[in-house]
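A short write-up of the structure that comes next.
2 protein chains.
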Amino acid sequence: MTIEQEFFNQYRLMYRPFINKLNVQLEPYQLYSSQWAVLRFLKDKGPHSFVDIANFMSIEKPSVTKLVHKLLELGYVETMAGKDKREKLVHLSAYGEELVQEIKSHLKPFFEHALAGVAQQDIEIATQVFARIYMNINQ
Amino acid sequence: MTIEQEFFNQYRLMYRPFINKLNVQLEPYQLYSSQWAVLRFLKDKGPHSFVDIANFMSIEKPSVTKLVHKLLELGYVETMAGKDKREKLVHLSAYGEELVQEIKSHLKPFFEHALAGVAQQDIEIATQVFARIYMNINQ
DNA sequence: TTATATTAGTTAGCCTAGCTAACTATAAAC
DNA sequence: GTTTATAGTTAGCTAGGCTAACTAATATAA
Chain L
2 MTIEQEFFNQ YRLMYRPFIN KLNVQLEPYQ LYSSQWAVLR FLKDKGPHSF
52 VDIANFMSIE KPSVTKLVHK LLELGYVETM AGKDKREKLV HLSAYGEELV
102 QEIKSHLKPF FEHALAGVAQ QDIEIATQVF ARIYMNINQ
Chain R
2 MTIEQEFFNQ YRLMYRPFIN KLNVQLEPYQ LYSSQWAVLR FLKDKGPHSF
52 VDIANFMSIE KPSVTKLVHK LLELGYVETM AGKDKREKLV HLSAYGEELV
102 QEIKSHLKPF FEHALAGVAQ QDIEIATQVF ARIYMNINQ
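Chains as they are written, first to last, in this note's numbering: chain L, 2 to 140; chain R, 2 to 140.
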């Protein structure tokens, strides 16, 4: 087994336990990890269109429609007019802003526990590896 | 944003593009990445029961039933009697053995391309980080 | 030794988180 | 002014899981 194969084996093996545990953490907020990813994107990058969200998350437009409509129902986000009559910009509501802050605090110990015993430098190295793979894979 | 949050953001962001590209690579063999994970497990660790597969992959027994039955249909695996009349051991068929070898060779350049420009040492560090998280998360 | 509890695998039916195809409304390009 | 492209939606599909409830076989305890 090459180290590349081993890397991707371990990468994938970790995915489901991680997502399952994350979803448990998010349950009090009526959120799944995919919806949380949208909120985090809006928090970090500000208001963006449905297409922007699709591109950022590497998913298709109809998937974004579903995610955002659920977040609208929950009152966590709102839409406003975009640069023309077709485009709609999604942004966090006042309530959503508060909630995202709260969730971030709530998740902090979970993430720290997950990475317990890992050197800060190694976390940074691994993070850069992800970014590089993302780039390589999308040419 | 803490480095822990950034780590998990990047981790998740990479997942879908990676799995989608991997599934394209596996298409000629009529396999999806989850089915491939089962074959790889059987190749690496030898014949195992449905419960063993469930534990290893962190999924439930009914999910294993579906995956293995698909692999049986394709003729890639076979079952044999286990240590008692309840248990069934799954193992690669002769054809499956050959195929797994072929797929591994086929995937090699894909993995190398994905990790192009990443130092061997950093790949190893990241792999160990995954293993540690897996351990931390499952107590 | 029987009654009870546990374990291995299956079936049915559900959910998340995506997808494609086809559509409407609007905008851009020719 | 017609064609082409873009933003978002709808309908209906799939992968890849899940829980609940079941059967058959085994282990435990009275």
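We put the CB at the ideal spot given by N, CA and C, even for glycine.
Practice task
Check the Cβ of L/Ala127 against every Cβ in chain R and list those closer than 7 Å, keeping chain order.
Solution key: By Cβ distance, chain R contributes Phe8, Ile126, Ala127 and Val130.
Exercise for the section: Using a Cβ cut-off of 7 Å, pull out every chain R residue sitting near L/Ser59, in sequence order please. Expected result: Contacts between L/Ser59 and chain R, judged by CB atoms closer than 7 Å, involve Arg17 and Pro18 in chain order.
Problem - Residue from L/Ile54, L/His70 and L/Gln31 with nearest C-alpha to L/Arg41 - result: The shortest Cα separation from L/Arg41 among L/Ile54, L/His70 and L/Gln31 belongs to L/Ile54.
Practice task
Name the two residues that bound the continuous beta strand (DSSP E) containing R/Val119.
Solution key: Boundaries for R/Val119: no beta strand (DSSP E) harbours it, and the DSSP string shows neither H nor E there.
Practice task
Could you tell me whether the Cβ of R/Asp123 comes closer than 8 Å to any Cβ of chain L?
Solution key: R/Asp123 counts as touching chain L.
Handout entry: Rounded straight-line distance, which links the Cα of R/Tyr16 to that of R/Tyr30
Key = Rounded to the nearest angstrom, the two C-alpha atoms are 22 Å apart.
Problem - Three-state secondary structure assigned by DSSP to R/Ser106 - result: Shown here, R/Ser106 sits in a helix according to DSSP, grouped into three states.
Problem - Beta carbon proximity, L/Leu27 to chain R, threshold 8 Å - result: False, the Cβ-Cβ gap to chain R never drops below 8 Å.
Exercise for the section: State yes or no: is the C-beta of L/Thr3 within less than 8 Å of the C-beta of R/Lys46? Expected result: Between L/Thr3 and R/Lys46, the C-beta gap is not smaller than 8 Å, which leaves the two residues out of contact.
Practice task
Give the interface partners of R/Tyr12 over in chain L, defined as CB-CB distance under 9 Å, in chain order.
Solution key: Those within 9 Å of R/Tyr12 in chain L are Tyr12, Met15, Tyr16, Phe19, Ala127, Thr128 and Phe131.
Exercise for the section: Express the C-alpha separation of R/His114 and R/Phe19 in angstroms, rounding to a whole number. Expected result: Approximately 12 Å between the Cα atoms of the pair.
Handout entry: Reference R/Ser34; option with closest CA among R/Leu14, R/Thr128 and R/Lys71
Key = Of the listed residues, the one whose Cα sits closest to R/Ser34 is R/Lys71.
Handout entry: Cβ pair count under 8 Å reaching 3, the segment 129 to 138 of chain L against the segment 117 to 137 of chain R
Key = In short, these stretches touch, since the Cβ pair count reaches three.
Exercise for the section: List the DSSP bridge partners of R/Leu32. Expected result: R/Leu32 pairs with nothing; no bridge assigned.
Exercise for the section: Identify each residue in the segment 99 to 113 of chain R for which the Cβ-Cβ distance to at least one residue of chain L is less than 8 Å, and report them in chain order. Expected result: Residues of the segment 99 to 113 of chain R with a C-beta atom less than 8 Å from some C-beta of chain L are Lys105, Leu108, Lys109, Phe112 and Glu113, listed in chain order.
Exercise for the section: Using a threshold of 8 Å, state whether the C-beta atoms of R/Gly83 and R/Ser94 are closer than that. Expected result: Taking a C-beta distance under 8 Å as the contact criterion, R/Gly83 and R/Ser94 do not qualify as a contact pair.
Exercise for the section: Return the chain-ordered ranges of every beta strand (DSSP E) run that is complete within the segment 53 to 84 of chain L and spans a minimum of 3 residues. Expected result: Given a length threshold of 3 residues, each whole run of the beta strand (DSSP E) inside the segment 53 to 84 of chain L is given here in chain order: 78 to 82.
Handout entry: Cβ pair R/Phe112, L/Glu5 closer than 8 Å
Key = Judged by beta-carbon spacing, L/Glu5 lies within the 8 Å limit of R/Phe112, meaning their Cβ atoms are closer than that value.
Handout entry: Where R/Lys148 falls: helix, strand or coil (DSSP)
Key = Outside the shown range of chain R, which is 2 to 140, sits residue 148 of chain R, and nothing can be said about it.
Problem - Amino acids of chain R, ordered along the chain, whose beta-carbon sits closer than 7 Å to that of L/Ala115 - result: Chain R residues near L/Ala115: Ile134, Asn137 and Ile138.
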